[in-house]
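J.:
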Amino acid sequence: MKYVIANWKMYQGTRGGAALVRAMLRAYRGKTDLPEVVVCPGFLAIGELQKVLSRSRVKLGAQDAFWEDDGAHTGSVGPSMLKDAGCEYVILGHSERRAEFGETNEMVSKKVGAALRASLRVVLCVGADIEGPLRGSLEGVLRKDVGRLLVVYEPEGAISSQGRGAEDLEKVLEAFAKIRAVLKDLFNGAVSVPLLYGGSVDGENAYTYLREDAIDGVLVGSASVKIHHITDIIGAALRAMNPRGL
Ligand code: PEP
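Residue numbers 59 to 304, in the numbering used here, belong to the letters of the sequence shown in order.
In structure tokens, the structure reads:
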């Protein structure tokens, strides 16, 4: 199984977002062996997209969640609220939130714990500095909950082509080896956690990553709101899953 997770960031609102997912669903209508496609819009679009996606196999996710489920937290959205609205996934620890809102590993670990308790699948992002953030963000996570975790390697310089563009495949594979070693150490043995790459993935380079057995999927930002890119990326995942079929 390959994952294609679309992080819409702040690029799409409700109406444009609904039109985009309708176009995406049309492009793959009738295909039975799709990858796990997850759309993560801004909070305001979640309700409408839940209706559009309800009879499809495309899943809904959020771009963040608070570490409390309810209470006096003006402006925050708790994980159970997301679950209630139809989300199955939540992205946590994204480098943009770490940089813009000063999210620390400790804050991310509280969010991870709360999201897991709400039965969401956590898409945990780590940047170029792997070991500290991974250990810190997973503090307190129990082995029994590891099945709901995905880890994304997103080197900051590769995000939205700030600088050098997408990361070389070799470096991604080296980073994955480090992530696997840390996970093995943290959870006292090998664990089955999907590892994804994120950073300037688009319709042209997606297959380079997705065809690798070691790469379970991609987290896509800017290109995920462009219909031709996202359909090509899903097509690349399909091709990687069925090399002889397409
Ligand atoms: C992201 O923000 O998660 C991301 C991968 O962005 P982009 O694809 O735009 O580099």
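Ideal Cβ positions, reconstructed from N, Cα and C, are used throughout, including at glycine.
With DSSP collapsed to three states, give me the class of GLY160.
T.: Coil at GLY160, not helix or strand.
J.: Hey, quick one: how far does the beta strand (DSSP E) through ALA64 stretch, first residue to last?
T.: Note, ALA64: beta strand (DSSP E), 61 to 65.
J.: Can you check whether the C-beta of LYS236 is within less than 9 Å of a C-beta belonging to chain B?
T.: Protein chain content of the structure displayed is limited to a single chain, and chain B is not contained in it.
J.: Kindly indicate which three-state DSSP category ALA224 falls into: helix, strand or coil?
T.: Note: ALA224 maps to coil in three-state DSSP.
J.: DSSP state of VAL96, grouped into three classes?
T.: Note: VAL96 maps to strand in three-state DSSP.
J.: Can you list, in chain order, the residues of its chain whose CB lies under 8 Å from that of HIS131, leaving out five sequence neighbours each side?
T.: Excluding sequence neighbours, HIS131 sits near PHE124.
J.: Short of 7 Å in beta carbon distance, which residues of its chain neighbour ASN263, apart from the five on each side in sequence? Order them along the chain.
T.: Taken in chain order, the residues that qualify are ALA224.
J.: Between CYS23 and the ligand PEP, is the CB less than 8 Å from at least one heavy atom?
T.: Past the boundaries of the shown model lies residue 23; the chain is included only from 59 to 304, so the question cannot be answered.
J.: Count the other CB atoms within 10 Å of the CB of ASN163; is the residue buried (16 or more) or exposed (fewer)?
T.: That one is buried.
J.: Reducing DSSP to helix, strand and coil, say where LYS202 ends up.
T.: If DSSP states are grouped into helix, strand and coil, LYS202 belongs with the helices.
J.: Using C-beta distances below 7 Å, list every residue in its chain close to VAL251, excluding the 5 sequence neighbours before and after it, in chain order.
T.: For VAL251, where only same-chain residues beyond five positions count, the Cβ hits under 7 Å are VAL204, LEU207, LEU208, VAL209, LEU241.
J.: Write down every uninterrupted run of the alpha helix (DSSP H) in the region 245 to 286 whose length is 4 residues or greater and which is fully enclosed by it, in chain order.
T.: For the region 245 to 286, whole alpha helix (DSSP H) runs of length 4 or above, ordered along the chain, are 264 to 268.
J.: Would you check whether the ligand PEP has a heavy atom nearer than 8 Å to the C-beta of ALA233?
T.: Not so, every heavy atom of the ligand PEP lies at least 8 Å from the Cβ.
J.: Taking Cβ to Cβ, would you say GLY119 is nearer than 9 Å to VAL148?
T.: For GLY119 and VAL148, yes; Cβs fall inside 9 Å.
J.: Skipping 5 residues on each side, what residues in its chain have a beta carbon closer than 7 Å to that of HIS286?
T.: Counting only Cβ-Cβ distances below 7 Å, and skipping sequence neighbours, we find GLY261.
J.: Would DSSP call LEU174 helix, strand or coil?
T.: Three-state result, LEU174: helix.
J.: Using a threshold of 8 Å, is the CB atom of GLU225 nearer than that to any non-hydrogen atom of the ligand PEP?
T.: No, since every heavy atom of the ligand PEP falls outside the 8 Å radius drawn around the Cβ of GLU225.
J.: State the beta-bridge partners of LYS117 as determined by DSSP.
T.: Partner(s): VAL96.
J.: Of the residues PHE234, GLY136, ARG269, which one's Cα is nearest the Cα of ALA173?
T.: Residue GLY136 is the option with its Cα nearest to ALA173.
J.: With a threshold of 7 Å on Cβ separation, who are the neighbours of THR266 within its own chain once the five nearest residues in sequence on each side are excluded?
T.: Result list for THR266: LEU227, in chain order.
J.: What is the rounded straight-line gap between the Cα of ALA76 and the Cα of VAL181?
T.: Cα to Cα, ALA76 sits roughly 23 Å from VAL181.
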